[in-house]
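According to my numbering, the sequence shown is numbered sequentially starting from 115. We put the CB at the ideal spot given by N, CA and C, even for glycine. Only one structure is covered here, and it is reproduced in the block below.
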Amino acid sequence: MKEARRAKPDSAFPIPHSALVLIALGSNLGDSPSIIRRAITRLRALTDSPLLESALWRSTPVGCPPGSPPFVNAVVGLAPRAEETPETLLLKLQALEKEFGRRPKRVANEPRPLDLDLIAFGPVVRASAELTLPHPRAHRRRFVLQPLGEIAPDLVLPGQHQSVAGLLKALASDEKLTRLSSD
């Protein structure tokens, strides 16, 4: 099993932060902390390098139906394999969501056992019916930026002019996040 590594701005990693694949994880059905940890373990199979992992965070639901339970969130960074494309990775993430019990949406942002969002694929910019990169709302979501700031605070997402730390500092949001753990 590959060892998890926490990123620090000066940490050595096989590729620069600007080339990382960034995946946001969320869960608000079932044993969410366990689901997120198990999903992170499964994501390790998508890279030949260690993952960069944030802590787990509990967050208030954003844009969800009334009465939705809180989420547990995390962000991981990985070095993609040479043959991986954003589209092939998206298919793998969708398959993993289904393995964890995700069903087709009936209501927008309804509770789900696992949500995996491809936030960025290095410097790649895409806008298609299937995939938009970087994620179009990542820079406005504390539940993405807070954990992302733990692993790549100096990263500037494609299309942005501020680092993740700068975006987080400037964010006007009612979202409440509580750090659950560092493992």
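- At least 9 Å separates the beta-carbon of Pro272 from that of Ser168.
- Distance from the Cα of Glu211 is smallest, within the candidate group Glu198, Thr202, Leu230, for Leu230.
- By the Cβ neighbour-count rule, Ala188 is buried, with 16 or more other Cβ atoms within 10 Å of its own.
- By the Cβ neighbour-count rule, Arg293 is exposed, with fewer than 16 other Cβ atoms within 10 Å of its own.
- Taking a cut-off of 8 Å for Cβ pairs, the stretch 265-279 and the stretch 128-148 touch, as three or more such pairs fall below it.
- Counting C-beta pairs with one atom in each stretch, the stretch 285-292 and the stretch 158-165 have fewer than three that are closer than 8 Å, which means they do not touch.
- Residue Ala234 holds the alpha-carbon nearest to the alpha-carbon of Ala193 among Ala234, Ile150, Pro248.
- In this structure, Ile150 keeps its C-beta atom at 9 Å or more from the C-beta atom of Leu207.
- Note that the C-beta distance between Pro184 and Arg195 is not below 9 Å.
- Unbroken alpha helix (DSSP H) stretches of 4 residues or longer found wholly inside the stretch 209-290: 256-265, 278-284, given in chain order.
- CA-CA distance, Leu203 to Ala252, rounds to 18 Å.
- Rounded to whole angstroms, Ser148 and Arg226 show a C-alpha spacing of 14 Å.
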